[in-house]
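Down below is the structure, laid out as structure tokens.
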Amino acid sequence: MPDSQPQPRRDGAAEDASALLLSGAKLTDGRTVDVRLGHGRIEAVGTAGSLTAHSARVDLGGYLLLPAPAEPHGHHATAQTADADGPVSYDVPEVQRRATESALLQLGHGATALRSHVRIGDVHGLGPMEAVLQARRSLRGLADLTAVAVPRLLTGLAGADGLAMLRDAVKMGAGVVGGCPDLDPDPTGYVEAVLEVAAEHGCPVDLHTDGSDPARLARLASIAGGLRPSVSIGPCSGLGRLAADSAARAAESLAAAGVTVVCLPQGDCGGLEQRGTGAAPVRLLQAAGVRVAAGSGALRDVANPVGRGDPLEAAYLLASQHGRSPGDAYAAVSATARAAMGLPEVRVEAGFPAELLAVRGERLGSVLSLAYSRVVVHRGRVVARTSAVREYCDSAAAVALDLPRQGRPKGNGAS
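Okay, structure coming up:
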């Protein structure tokens, strides 16, 4: 592939004071390149040493440069509560702290865009939504956080309040309409109510479902098809427990409706009270033509007390346990996740958004295996760094074998 050509400045725009040069980075096609960023986008990609820095420069020698991953299914309002002594607090300041802390943790992993599912209703009302929206504002410039409103009931007399609260949540700033139709006495009516609110406000839809009822999945696909491609469902781990022919038919109906499945390879989430084991059958879904993205789900809450919220771990599990190639596995947490979230495509080419992740390593497989040191770029500037240094004791064996070590490169580069 030829080097990307520099993009002309539009309307004589002034030099970008925040312009940044990423030098000596390795790409997945094997090239070593310089990448110049400006005005939040990639301005040019050229062979190493061919581009000059307008201002700042980051040495990415020894790093693989990738489109940044995204988090399509997080639960930031309940994150970091696994070790809580006593009842979990849902006071707005405490939820805001948890949501901000967990979003920053995921940003450090590389996710520059995050979708957070937030329960509304019950005794907590709209408090958790208010807190997550405050966290979103505080993260502006660091990461893009979108809130998904998740009401408990939407049908019958009991669901009237939930429906009103769902509309209020969207007016407050929730960018996606979600929910758990499996928990409602009328799952089909629940989905219809969600789609009605989404159509009223022009919002995407993102629903929790176990996927263990193929007839229910077929009905969901049938009524959701009109909103394609803005409907996502997950984690669908129950699909993996169905007979092969039933699962295949369900997958075909989802593919025909253009519904995206967001699987959770790292473990289920608290969105479903009856959680199963395992993950969605990724290979079967993709063979049927379903777009499959991967998310993190629970981040150290009761649903997964050891959840890391790391997109690269999700990709690693897709490769190691679901037979996906490293490229396909990484696409599930990057390109496909971004598409499921309605975000612009990212490539390491001129003209694309400067949403990037640099990971120490030479190839994608090694990066998914040992993704320690990372540099995260959001809107054209470095917003997070993680440095890992590996050293061995000064023993005769270490010297004789010339064991590798991860250290900090000289100069002002990344570490």
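So in the numbering used here, spot 52 of the sequence shown is number 52, and the numbers just go up one at a time.
Glycine included, each C-beta is placed from N, C-alpha and C at the ideal position.
Here Q266 is buried. Its C-beta has 16 or more other C-beta atoms within 10 Å. For the options S89, I233 and E43, the alpha carbon positioned closest to that of L22 is the one of E43.
Cβ neighbours of V282 within its own chain (closer than 7 Å, five residues either side excluded): C263, V292, L318, H322 and R324.
The three-state reading of DSSP puts V290 in coil, since its state is none of H, G, I, E or B. With fewer than 16 other beta carbons inside 10 angstroms of its own, R390 counts as exposed. Closest option to A48, judged by alpha-carbon separation, among G40, L27 and A56: L27. Contiguous beta strand (DSSP E) elements confined to the stretch 282–364 occur at 292–294 and 356–360, taking only those with 3 or more residues.
The three-state reading of DSSP puts E391 in coil, since its state is none of H, G, I, E or B. Spanning the alpha carbons of T336 and C393 requires a straight line of approximately 43 Å. The Cβ neighbour count for G159, taken over all protein chains shown within 10 Å, is at least 16; the residue is labelled buried. With a minimum length of 3 residues, the unbroken runs of beta strand (DSSP E) contained wholly in the stretch 43–115 fall at 56–59, 63–67 and 71–74. In the three-state scheme derived from DSSP, where H, G and I count as helix and E and B as strand, L239 is classed as helix.
At the C-beta level, D206 and G178 come within 7 Å of one another. Cβ atoms of G309 and H109 come within 8 Å of each other, at about 7 Å. Three or more Cβ pairs closer than 8 Å define a contact, and the stretch 296–311 falls short of that threshold against the stretch 239–258. Only exposed fits D29, as fewer than 16 other CB atoms lie within 10 angstroms of its CB. Here E355 is buried, its C-beta having at least 16 other C-beta atoms within 10 Å. Counting C-beta pairs closer than 8 Å gives three or more between the stretch 326–345 and the stretch 62–76, which meets the contact rule. Secondary structure note for V259: it is in no beta strand (DSSP E), with a DSSP letter that is neither H nor E.
Checking the DSSP bridge columns, you'll see D34 partnered with G46. Sixteen is the threshold: when 16 or more other Cβ atoms of the shown chains lie within 10 Å of the Cβ of S232, as they do, the residue is buried. Sequence-distant Cβ neighbours of A56 in its own chain, meaning closer than 6 Å and more than five residues away, are L20. Of the residues A244, G307, A303 and I223, the one whose Cα lies closest to the Cα of A287 is A244. The residue from Y190, V33 and Q96 with its alpha-carbon nearest to that of A131 is Q96.
Annotation for T155: no alpha helix (DSSP H) segment contains it, and DSSP assigns it neither H nor E. The continuous stretches of alpha helix (DSSP H) do not include L207, which lies in the beta strand (DSSP E) extending over residues V205 to T209. Apart from the 5 residues on each side of it in sequence, H124 sits with its Cβ closer than 8 Å to the Cβ of Y90 in its chain, given in chain order. Residue nearest to E94 within the set P305, P181, H76 and A384 is H76 (criterion: CA-CA distance). Between the alpha carbons of D184 and S138 lies a distance of about 34 Å.
CA-CA distance, V58 to R363, rounds to 20 Å. In summary, D85 is exposed, with fewer than 16 beta-carbon neighbours lying within 10 Å of its beta-carbon over all protein chains present. Judged by beta-carbon spacing, R360 lies within the 7 Å limit of G62, meaning their Cβ atoms are closer than that value. In this model, I120 and S366 are separated by some 41 Å (Cα to Cα). With respect to the 7 Å criterion, R36 and L60 are not classified as neighbours on the basis of their beta carbons.
Bounds of the alpha helix (DSSP H) holding G189 are P187 to H201. Under DSSP, D144 shares a beta bridge with A113.
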